[in-house]
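Residue numbers (the working numbering), protein chains in the order written: chain A, 142 to 290; chain B, 142 to 290; chain C, 142 to 290.
Every residue, glycine too, gets a C-beta built ideally from N, C-alpha and C.
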Amino acid sequence: MSPFAHNPALAAFAVACLVLVGILIALAMRTGSVRARVRAVVNPEDPRVYKGASVVEVEHPEVLRVKRAHLNLLENAVPFFVVGYLFALTQPGVAVASILYGAFVIARLVHAYVYLTARQPVRSAVWMAGVLIVVIMAVAVARSLAMSV
Amino acid sequence: MSPFAHNPALAAFAVACLVLVGILIALAMRTGSVRARVRAVVNPEDPRVYKGASVVEVEHPEVLRVKRAHLNLLENAVPFFVVGYLFALTQPGVAVASILYGAFVIARLVHAYVYLTARQPVRSAVWMAGVLIVVIMAVAVARSLAMSV
Amino acid sequence: MSPFAHNPALAAFAVACLVLVGILIALAMRTGSVRARVRAVVNPEDPRVYKGASVVEVEHPEVLRVKRAHLNLLENAVPFFVVGYLFALTQPGVAVASILYGAFVIARLVHAYVYLTARQPVRSAVWMAGVLIVVIMAVAVARSLAMSV
Chain A
142 MSPFAHNPAL
152 AAFAVACLVL
162 VGILIALAMR
172 TGSVRARVRA
182 VVNPEDPRVY
192 KGASVVEVEH
202 PEVLRVKRAH
212 LNLLENAVPF
222 FVVGYLFALT
232 QPGVAVASIL
242 YGAFVIARLV
252 HAYVYLTARQ
262 PVRSAVWMAG
272 VLIVVIMAVA
282 VARSLAMSV
Chain B
142 MSPFAHNPAL
152 AAFAVACLVL
162 VGILIALAMR
172 TGSVRARVRA
182 VVNPEDPRVY
192 KGASVVEVEH
202 PEVLRVKRAH
212 LNLLENAVPF
222 FVVGYLFALT
232 QPGVAVASIL
242 YGAFVIARLV
252 HAYVYLTARQ
262 PVRSAVWMAG
272 VLIVVIMAVA
282 VARSLAMSV
Chain C
142 MSPFAHNPAL
152 AAFAVACLVL
162 VGILIALAMR
172 TGSVRARVRA
182 VVNPEDPRVY
192 KGASVVEVEH
202 PEVLRVKRAH
212 LNLLENAVPF
222 FVVGYLFALT
232 QPGVAVASIL
242 YGAFVIARLV
252 HAYVYLTARQ
262 PVRSAVWMAG
272 VLIVVIMAVA
282 VARSLAMSV
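Printed below as a string of C-alpha cells:
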C-alpha cells in the first residue's frame, strides 16, 4: 500500500520534491559540463578528470553563473522542503496544495532557465514568487499551530 | 483537527522551523537591499533590476558579509531541520524539546545579528551553541535508535 | 516506545542522517581549525577569536578547499535527506534501504576524505555514486506515487 494514497497533499509535495531535486542535480551536472567546456578548474588535482584543463585561482565566469544559480536554488528549496512538508501535515485541500507546490516548482524551473540565459527582470520576479509561496504556506502552518494550542 | 495537537514536540519544532525560515528569507532579502545600496552587481543583466548599479567581478564586501551570514545559517539550519525532526519523532518531553528548539533559534537569531554588525567573540560562541544543541539532539536520537534494535 | 521500532527503513535512514550531519559538522569545524593554522580570516572582527590572524580579502586556498568540500556535501546531502525520507515512507525492504543509505554515507565519507587530501579521480567517482543513489531512490518514490493515483 502506497503511503501517498491516504494523503494526496503529501503525494503532491513528493512530486514537487522530486522535480526540485532533479533541477538541483541538473545544475550540479551543468557545473561540471561548463567546467569541461571552458577547461578551467580550481583544484590542482582536477585536470586528471577534466582533461586539458588549466588550474585557475577563480572559477571561470560561466562556471560561477551556474554555481550562483545552483546555490540560489538550494537556498530557496530548503525553506520549501521544510515549510512545504509541515504544510502537507496540516492536510490542506489537495487543489490548493497542488497549486502552491506546482507554482513553486514552475517558478524555480523558470528561475534556473533565465539565470543560465542571463535574463532579467524575469529572474527577480520568479525568485520573489517562490519566496511568496513559502510565506503563504508558512502562514497556513502558523494558523494550524495556533489552533492546536 | 490540527496534526500538531497530538504531538506538542512536533508543534514546537514547527514553530522553530518557521522562525528559522523567516531568518533565511530575511538574510536573502537583505542581500538584495545591500546590493541596491552599494550599487554593485555581478550579473551583467542585473542593472535592469538594480537601477544605476555597476557590474563588478567580485561582490561588494558588505554584500559578501550578508552572503556569509546567509550561507552559515543554511549550513547550520539543515542539520537542525533533519536532527530536530528525528528528535521530535522520538516524542521527547515538550519542555526539553521547547528549550532545545528555542535555544537553537535564539542562538541563530543572535548569530545573524552579530554577523551583520561585525561583533566577536559572540558570533563564534553562539555558532558553537547551535552546533552543541544539534549534537545533544543527535545523541538523543541515537539512544532511541539503540533502544529500537 | 521508540518510533523507529515499527519502521526499520526509517531507522536506517535516521542512522544515515546522523552520520551525514556528523560529517557536515566535522567539515565546518575543520574550516575553523584550518583558518586558525593558516592565520587568515576575512572578517575584520575575527582576529578577536583567531589570535594573531591577518585579515585577507580572499580566504586562504586551504580554507577554500575545506569550504568547497563542505558546500559540496550540503548540496548533495539536502537531496538525500528529502528523497531518502520519502523513500523510507514507501516502506522499502530494510535490506535494500540499508544498502542504499549505507552506500550514500560511505560515498560521502570517502568524498570528504579525498577532497581534503586532493585525490582524483576517486572524488568524481564517489560524487557520481552519491547522485546515482539519490536517483535510484527517486525512481522508487515516483513508482510508489504512480501506484497511489
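Residue i - partner residues in DSSP beta bridges
i, result
"A/A181", "A/S195"
Per-residue DSSP class, three states only, for residue i
i, result
"B/A259", "coil"
"B/G234", "coil"
"A/H211", "helix"
"B/S239", "helix"
"A/P202", "helix"
"B/N217", "helix"
"C/H252", "helix"
"A/F145", "coil"
"A/V290", "coil"
"C/V190", "coil"
Nearest-angstrom Cβ-Cβ length linking residue i and residue j, presumed shorter than 8 Å
i, j, result
"A/V175", "A/V207", "5 Å"
"C/V291", "B/V272", "Here chain C has residues from 142 to 290 only, and residue 291 of chain C is not among them."
"C/H211", "B/E216", "7 Å"
"C/A155", "B/L286", "6 Å"
"B/P188", "B/V179", "That belief does not hold up - the Cβ atoms of B/P188 and B/V179 are roughly 13 Å apart, past 8 Å."
"C/A177", "C/Y191", "5 Å"
"C/L281", "C/F228", "Looking at the sequence shown, residue 281 of chain C is not Leu but Ala. Confirmed, Cβ separation roughly 6 Å."
"C/S289", "A/F245", "At roughly 21 Å, the Cβ-Cβ gap does not stay under 8 Å, so C/S289 and A/F245 are not in contact."
"C/R249", "C/L161", "6 Å"
"C/L214", "C/L257", "No, C/L214 and C/L257 are not in contact; Cβ-Cβ is about 11 Å, not under 8 Å."
"C/V255", "C/R264", "5 Å"
"B/A253", "C/P185", "The pair is not a contact, with the Cβ atoms about 18 Å apart (cut-off 8 Å)."
"B/M278", "B/V197", "42 Å between Cβ atoms; not a contact."
Interface residues of chain F facing residue i [CB-CB closer than 8 Å]
i, result
"C/I166", "Absent here is chain F; the protein component of the structure consists of chains A, B and C."
Review point. Can we say the segment 234-241 of chain C touches the segment 148-158 of chain C, given the rule of at least three CB pairs closer than 8 Å?
Key: The way I'd put it, the segment 234-241 of chain C does touch the segment 148-158 of chain C; three or more beta-carbon pairs between them come closer than 8 Å.
Point to revise | Entirely enclosed beta strand (DSSP E) segments - the segment 147-176 of chain C, minimum 3 residues | key: You should have found no qualifying run.
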